[in-house]
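Student:
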Amino acid sequence: MRLTPTLERLYLANAVVLLVHQMDAAYWQEWQLFHLPGGLPLYLALNLPIVLVVLVGYGAIAARRPSAVAYSWGLVAAGVFAVVFHAAHLLAGDAAFRTPASLALLADTALLSGAQAVLLLRARRRAMAASATPSPPHVSA
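If you read the sequence shown in the numbering used here, its first letter stands for residue 1064, the second for the next number, and so on.
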């Protein structure tokens, strides 16, 4: 299955929003929500592989590698996790991530991850339908 240009743009937009959310998360000291010891230094260290995977994923998409689909689904999963995790904390009354900018990033993540998932499912369905379509018989001369 190949990613469409729209899926490529959605990956990039979703990646940017999620990475900016991670910057916002440092402001809100998100490591406390995860009950992680080590404060900001450990939080930053844990974000290094996250940023690396997101960038490698975009490289796979730009190079049209077969792994691009897996990276796209991984980004969707990360977006869904971020939205569900923070929605649960917001509903529980947590004071963090309540500024308009923080809420906008989470809303954008929800929209972009949802759109990306829908288009990935459609692309998969099209690819499966195309592979199921029998090719015309070859005529031997």
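We treat Cβ as the ideally placed atom computed from N, Cα and C, and that holds for glycine.
What is the C-beta distance between residue 1159 and residue 1152, in whole angstroms, given that I count them as a contact (C-beta under 8 Å)?
Tutor: By one-based count along the sequence shown, residue 1159 stands at place 96. By one-based count along the sequence shown, residue 1152 stands at place 89. 7 Å between Cβ atoms; contact.
Student: Along the alpha helix (DSSP H) that carries residue 1179, what are the first and last residues, could you check?
Tutor: For the purposes of this step, residue 1179 is identified with residue 116 of the sequence shown, where counting begins at 1. It spans 1163-1195 - the alpha helix (DSSP H) in which residue 1179 sits, taken as one unbroken run.
Student: Terminal residues of the continuous alpha helix (DSSP H) containing residue 1085?
Tutor: Here the question's residue 1085 lines up with position 22 in the sequence shown. Note, residue 1085: alpha helix (DSSP H), 1068-1090.
Student: Just how far apart, CA to CA, sit residue 1079 and residue 1112?
Tutor: The sequence position of residue 1079 within the sequence shown is 16, counting from 1. The sequence position of residue 1112 within the sequence shown is 49, counting from 1. Approximately 16 Å between the Cα atoms of the pair.
Student: With residue 1144 as the anchor, note down where its alpha helix (DSSP H) starts and where it stops.
Tutor: By one-based count along the sequence shown, residue 1144 stands at place 81. Segment 1131-1154, the alpha helix (DSSP H) holding residue 1144.
Student: On the criterion of 16 or more Cβ atoms from any shown chain inside 10 Å, does residue 1095 qualify as buried, or is it exposed?
Tutor: In the sequence shown, counting from the first residue as 1, residue 1095 sits at position 32. Flag for residue 1095 reads exposed.
Student: Can you list, in chain order, the residues of its chain whose CB lies under 6 Å from that of residue 1149, leaving out five sequence neighbours each side?
Tutor: Working through the sequence shown from its first residue, we reach residue 1149 at position 86. Excluding residues within five positions, the ones whose Cβ falls inside 6 Å are 1160, 1169.
Student: Between residue 1099 and residue 1183, which are expected to be in contact by the criterion C-beta below 8 Å, what is the C-beta distance as a whole number of angstroms?
Tutor: Counting from one through the sequence shown, the residue named residue 1099 turns up at place 36. Counting from one through the sequence shown, the residue named residue 1183 turns up at place 120. At roughly 31 Å, the Cβ-Cβ gap does not stay under 8 Å, so residue 1099 and residue 1183 are not in contact.
Student: Using only the alpha-carbon positions, how far apart do residue 1180 and residue 1147 sit?
Tutor: Translated into positions along the sequence shown, residue 1180 becomes position 117. Translated into positions along the sequence shown, residue 1147 becomes position 84. Answer to the nearest angstrom: the Cα atoms are 15 Å apart.
Student: Could you check whether the Cβ of residue 1181 sits closer than 7 Å to any heavy atom belonging to the ligand FMN?
Tutor: Of ligands this structure carries none, so the ligand FMN is not represented either.
Student: DSSP state of residue 1102, grouped into three classes?
Tutor: Mapped onto the sequence shown, residue 1102 falls at position 39. Residue 1102 falls in the helix class under three-state DSSP.
Student: Would you call the CB atoms of residue 1029 and residue 1142 closer than 8 Å?
Tutor: Outside the shown range of the chain, which is 1064 to 1204, sits residue 1029, and nothing can be said about it.
Student: Starting from the Cα of residue 1125, find the closest Cα among 1191, 1074, 1189 and give me that residue.
Tutor: By one-based count along the sequence shown, residue 1125 stands at place 62. Comparing Cα-Cα distances from residue 1125 to each of 1191, 1074, 1189, the minimum goes to 1074.
Student: Note down, in chain order, each residue of its chain lying with its Cβ closer than 6 Å to the Cβ of residue 1134, except the 5 sequence neighbours on either side.
Tutor: For this step, residue 1134 is matched to residue 71 along the sequence shown. So the qualifying residues of the chain are 1120, 1123.
Student: Looking at residue 1166: is its Cβ nearer than 8 Å to the Cβ of residue 1077?
Tutor: Sequence index remark: in the sequence shown, residue 1166 carries index 103 (1-based). Sequence index remark: in the sequence shown, residue 1077 carries index 14 (1-based). No, Cβ-Cβ distance for residue 1166 and residue 1077 is not below 8 Å.
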